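Have a look at the structure below, then the notes.
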Amino acid sequence: MTVQSTTSNGVDKPVTVTEEWLGQPKGLYVLFLTEMWERMSYYGMRALLVLYMVKHLFINPEVGQEVLGFNFIKGSLEHFFGPLAIQPMASQVYGLYTGLVYFTPFFGGIIADRWLGQRRTVFVGGVLMAIGHFLMAFEHLFFLALIFLIVGNGAFKPNISTQVGDLYAPGDSRRDGAFTLFYMGINLGAFLSPLICGTLGQKVGWDWGFGAAGVGMILGLMVYTFGQKYIQPHPENVAKKVQADHKGEKIPFTAGEKKAIWALIVLCALNIVFWAVYEQQGNTMQLWADNQTNWNFFGFEVPSTWYQSFNPLAILVFAPLLGIFWKKQATKNKEPSSVTKMAIGSFLLAAAFGIMILAALSVGAEKGSVLWLVVTTVVLTIGELYLSPVGLSLVTKVAPARIVSMMMGMWFFSSFIGNYMSGWLGTFYESMSRESFFGLMAALSIFAAVSMAAFNKPLRSSLGDH
12 MTVQSTTSNG
22 VDKPVTVTEE
32 WLGQPKGLYV
42 LFLTEMWERM
52 SYYGMRALLV
62 LYMVKHLFIN
72 PEVGQEVLGF
82 NFIKGSLEHF
92 FGPLAIQPMA
102 SQVYGLYTGL
112 VYFTPFFGGI
122 IADRWLGQRR
132 TVFVGGVLMA
142 IGHFLMAFEH
152 LFFLALIFLI
162 VGNGAFKPNI
172 STQVGDLYAP
182 GDSRRDGAFT
192 LFYMGINLGA
202 FLSPLICGTL
212 GQKVGWDWGF
222 GAAGVGMILG
232 LMVYTFGQKY
242 IQPHPENVAK
252 KVQADHKGEK
262 IPFTAGEKKA
272 IWALIVLCAL
282 NIVFWAVYEQ
292 QGNTMQLWAD
302 NQTNWNFFGF
312 EVPSTWYQSF
322 NPLAILVFAP
332 LLGIFWKKQA
342 TKNKEPSSVT
352 KMAIGSFLLA
362 AAFGIMILAA
372 LSVGAEKGSV
382 LWLVVTTVVL
392 TIGELYLSPV
402 GLSLVTKVAP
412 ARIVSMMMGM
422 WFFSSFIGNY
432 MSGWLGTFYE
442 SMSRESFFGL
452 MAALSIFAAV
462 SMAAFNKPLR
472 SSLGDH
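Take any residue in the sequence shown, note its place counting from 1, add 11, and you have its number in this note's numbering.
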């Protein structure tokens, strides 16, 4: 049995040997379940967010008087972008929210690295998010609830991901497989959330859907609290952090570490466009699902938020298959580098929106088959699997150990800019034809893919054999 202690400078420190189950540290399964419930809460709220604003909150003529901070936020946005109708306003708020939840992890990583340690920071973040979800049930506290969720996510997200990497010794071949399994936990929660929170929100009441998201966050905190004894960082990782933080001494980065840091910064910059396009799923694609998709099956009207379950379900199906495919490539010495995989992911994202161009031309102003969304999501998901878990694993491999949480936060910082851009891009959804809008998304994805491919060689030289 392993027992965890925390040094005065916040470094998590194991005192015995880590237990394993099915060839992986038991801590991986604790983190899997914790992240599953946290993602159930996050994606449950996200599935409802745009519809809640467009169909309920922002159509109230008294919204400026009843929702705390509405006039200030609307006025600030209109100062830069001009008058905003309901859908563009909702898209801007969606982009700001989903962007800021990826901005704050940078600071959450610093707080964990320098002061609280990863475990305490995760717990604080989970409590703040649970409060935020329950505040969503009160219309006048809408923006305050978003603030709690943004700050809580910043504390929670980078420090869960880095704890997965800390379970394994440097060079451990199980690390990539562990991140794939962890990524499946994320998407199991994301799959369940629209079925639970989305159905309750659309069929029973918005506050029921948001409340269910809060319950999911509490369950995640319970799993994390009772599973503490199994979350043991590998002794080699702890030794590096203790050495780096000994007596507050600042150890300068080596030339190799500096090259790796700059390579990760470049990759983060290239990721921005990918996420700006990808995150249309919760924004304009959800509006397409609600307004231009036929959800009537044998007389039963399925909630359109169930669309948000397509992507995580596809991940659960294709992640293990892709892992097997990469393993076979590796045995033949043909597995692509991490950067090449990420370029492939961006090309697949472009292909997914190419399918949506065909859908827009076929459907027009009517309601079309749900199969358009199914096929698009399958292609988009495979693209995501080529980029997102690969990037998470890469950060834990090449980032200097003493700043790994901060570098993970920086990785999520690229998602902050990309997610905000998704909201800004979504403001053109009503002013452009559908096929033109989806064509713009495809073109941006191709730009990201070509850029990653062009930088592949210099990035590989900086990142080493990854």
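Glycine included, every Cβ here is placed at the ideal spot set by N, Cα and C. Here the structure is a predicted model, which means the values were calculated and not measured.
Item, Value
"Bridge partners of F311, per DSSP?", "F308"
"Taking only the alpha-carbon atoms, compute the straight-line gap between S444 and G375 and give it to the nearest angstrom.", "9 Å"
"Quick check on DSSP: helix, strand or coil for M228?", "helix"
"Report yes or no: do three or more beta-carbon pairs, one from the region 191 to 205 and one from the region 328 to 344, lie closer than 8 Å?", "yes"
"Once DSSP output is grouped into helix, strand and coil, what is the label at K258?", "At K258, the pLDDT of 46 sits below 50, so the modelled position is not reliable; the number obtained from the coordinates is stated separately. In the structure shown, K258 sits in a helix (DSSP, three-state: H, G or I)."
"Let me know the secondary structure DSSP gives P94 once reduced to three states.", "coil"
"Would you mind sorting G293 into buried or exposed? The rule is 16 or more other CB atoms within 10 Å of its CB.", "buried"
"Flag this pair as yes or no: are the beta carbons of H144 and G225 separated by less than 8 Å?", "yes"
"Looking at C-alpha atoms only, which residue of F154, W383, W337 is the closest neighbour of S349?", "W337"
"Kindly confirm or deny that the region 70 to 89 and the region 146 to 157 touch, where touching means at least three C-beta pairs closer than 8 Å.", "yes"
"I need the DSSP call for E31, collapsed to helix, strand or coil.", "strand"
"Out of L95, S426, W126, state which residue places its alpha-carbon closest to the alpha-carbon of L278.", "S426"
"Exposed or buried, what is F92 when buried is set at 16 or more other beta-carbons lying within 10 Å of its beta-carbon?", "exposed"
"If you run the structure through DSSP and keep just helix, strand and coil, what is P538?", "Any property of residue 538 remains undetermined from this structure, which presents the chain solely from 12 to 477."
"Assuming F117 and F423 form a contact by the criterion Cβ under 8 Å, report the distance between their Cβ atoms to the nearest whole angstrom.", "7 Å"
"Over the uninterrupted alpha helix (DSSP H) stretch that includes I122, give me the two end residues.", "116 to 122"
"Measure the alpha-carbon distance for P365 versus G238 and round it to whole angstroms.", "Rather than Pro, the amino acid found at residue 365 in this sequence is Gly. The alpha-carbon atoms of G365 and G238 are separated by roughly 44 Å."
"Per DSSP, G379 is paired with what?", "T304"
"Let's see if you can read the secondary structure: which residues bound the alpha helix (DSSP H) around A410?", "Run containing A410: none; DSSP gives neither H nor E here."
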